[in-house]
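Written out below as structure tokens is the structure these notes cover.
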Amino acid sequence: MDNSTQATSAQAAHATQSLVSALLPARLRQVTSPTVESSPSVHQPGEAQSCRLFATFMRQALRLLTGNPNNQVLPEAAAALERLDYYLPFRELAPSRRQILSSPNGPFSATNVRTPSGLFSALVFRGILFDTDALRAGGHSFCFDDDAAFDAYLSRIAKPERYFCNPSAYGATKGRSTKNATTFWKASAALAARLQDNIGFFEFIKYVSSSTEYPTFGKLCAYLLAVDLVYAGAIAQPTVEELGTVVEWLDMGAAKTLKRLRCAPGGVKGGFVALCKYLADGGLSASERAEMSSRFTFDVEHGLCKYGRFYPLAKDS
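So, in structure tokens, the structure goes:
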């Protein structure tokens with residue numbers, strides 16, 4: 004590599020870390036020289052090691068954000084810094100969530116979150132705009148009065164469809180499109196009525212994922228929206244046992260990682276509850292948990308989902 008190439012690479016790395024730092028709360032920017040520790044093994048551990056292994060992964064993932072990107076022990080660290088929405092175990096620290104929460108008049112604000120307009124915009128966020136250049140560009144509250152206002156936004160920006168809608172935001176998804184906004188708007192009043200009736204967390208997920216009124220909102224996307232609404236105070240937070248039931252029902256990334264790490268010998272729900280208890284009882288320090296999320300159990304689920312992106316099963320031996 005010649006000197007000019009090295010300089011360009013160094014500049015790119017610095018720019019990436021500057022962007023990451025700008026996204027973080029001040030308390031997370033205070034750590035600059037993390038202690039390097041051993042990386043989690045990609046081999047399946049024994050049951051006694053599994054909780055500690057996951058705690059190490061979460062701790063190292065936090066240091067991915069707060070430390071030097073050139074001094075990381077996690078595999079895929081460079082890729083993760085380029086695609087934080089895809090890799091980061093801490094949902095509230097990822098760029099798309101930080102952007103959508105950055106405006107006091109956004110869809111998840113106390114003023115808007117229970118209104119048809121706010122819920123329409125929440126559906127647009129999860130069902131269209133998540134992990135896109137349009138969202139990252141900002142310049143908007145991303146709370147739209149209705150589908151006509153969203154269409155006007157698209158026309159004003161005048162960019163290709165891919166700029167506004169990432170068809171693989173959560174993996175390949177058939178039918179993900181800006182055209183779904185019209186259907187989302189028609190369904191938003193009914194969704195507002197459900198929240199008015201104090202719909203429960205799991206009930207909300209099952210309702211949205213089973214309805215044809217929310218195209219592309221399968222179990223995963225409905226779950227993510229439900230968690231967004233818990234953070235916004237529109238749905239009651241589930242207990243760890245209730246969340247474990249949902250993780251078992253979803254049977255997706257989190258459940259697969261629990262089984263892979265042998266955290267769930269008695270079932271996914273029990274394994275999830277036990278892992279959360281281990282982490283809360285000292286597996287991660289109180290300060291580490293506070294840096295991750297105010298609702299830590301959601302980050303446990305999110306981290307379990309992201310684990311396989313750092314340690315793909317195909318690499319195990």
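The sequence shown: position 56 = 59 (my numbering), numbered continuously. Heads up, the beta-carbon is just placed ideally off N, CA and C, and yes, glycines get one too.
From residue i to residue j, what distance separates their C-alpha atoms?
i	j	result
Thr-38	Ala-82	Unreliable placement is indicated for Thr-38, whose pLDDT of 34 sits below 50; the coordinate value is still reported in the next sentence. So the alpha carbons of these two residues sit roughly 21 angstroms apart.
Gly-269	Cys-54	15 angstroms
Glu-95	Ser-296	7 angstroms
Ser-290	Arg-62	11 angstroms
Ala-239	Ala-155	34 angstroms
Phe-313	Leu-91	10 angstroms
Pro-170	Ile-131	8 angstroms
Asp-136	Phe-153	16 angstroms
His-292	Ser-158	Strictly speaking, residue 292 in this sequence is Arg, with His absent from that position. C-alpha separation (whole angstroms): 42 angstroms.
Val-34	Pro-315	With a pLDDT of 34 at Val-34, under the threshold of 50, the modelled position of that residue is not reliable, and the figure given next carries that caveat. In a straight line, the C-alpha of Val-34 is about 28 angstroms away from that of Pro-315.
Arg-66	Ala-229	28 angstroms
Asn-108	Gln-52	45 angstroms
Asp-284	Val-76	25 angstroms
Ala-161	Ala-113	31 angstroms
Ser-214	Pro-119	17 angstroms
Leu-68	Glu-294	11 angstroms
Tyr-210	Arg-263	30 angstroms
Val-127	Gly-121	10 angstroms
Are the beta-carbon atoms of residue i and residue j separated by less than 7 angstroms?
i	j	result
Thr-300	Lys-272	no
Thr-219	Thr-176	yes
Pro-98	Leu-87	yes
Ser-212	Ala-195	no
Leu-227	Arg-129	yes
Val-307	Thr-242	Position check: residue 307 holds Leu in this sequence, whereas Val was assumed. Contact flag unset, no.
Phe-60	Tyr-310	yes
Asp-134	Ala-172	yes
Ala-235	Phe-111	yes
Asp-231	Trp-188	no
Ser-350	Phe-123	Here the chain has residues from 4 to 320 only, and residue 350 is not among them.
Val-303	Cys-266	no
Met-255	Leu-223	yes
Leu-198	Ala-237	yes
How far does the alpha helix (DSSP H) with residue i in it reach, from first residue to last?
i	result
Lys-222	222 to 234
Asp-150	150 to 160
Tyr-210	204 to 213
Asp-134	Counting along the chain, Asp-134 falls outside any alpha helix (DSSP H), and DSSP gives it neither H nor E.
His-305	299 to 313
Lys-262	256 to 263
Pro-119	119 to 127
Gln-102	98 to 103
Identify which residue in the options has its Cα closest to the Cα of residue i.
i	options	result
Leu-246	Phe-207, Thr-215, Leu-56, Asp-284	Phe-207
Tyr-89	Val-76, Asn-108, Ala-64	Ala-64
Glu-85	Val-127, Ala-193, Arg-139, Ala-161	Arg-139
Gly-141	His-305, Ser-106, Asp-284	Ser-106
Ala-257	Tyr-217, Asp-284, His-305, Gly-121	His-305
Asn-183	Ala-125, Lys-262, Arg-263, Ile-160	Ala-125
Ala-193	Gly-174, Glu-216, Lys-209	Glu-216
Arg-298	Leu-264, Val-233, Gly-174	Val-233
Gly-174	Gly-221, Pro-119, Ala-113, Leu-68	Gly-221
Would you say residue i touches the ligand HEM, meaning its beta carbon is less than 6 angstroms from a heavy atom?
i	result
Gly-109	Absence of the ligand HEM from the depicted structure is noted, as is the absence of any ligand whatsoever, leaving it without description.
For the segment 272 to 290 and the segment 247 to 262, state whether three or more C-beta atom pairs, one from each stretch, are separated by less than 8 angstroms. yes
Does the segment 159 to 166 come close enough to the segment 199 to 209 to have 3 or more Cβ pairs within less than 8 angstroms? Put simply, the segment 159 to 166 does not touch the segment 199 to 209. Fewer than three CB pairs are less than 8 angstroms apart.
At least 3 beta-carbon pairs within less than 8 angstroms: the segment 141 to 148 vs the segment 100 to 118: yes
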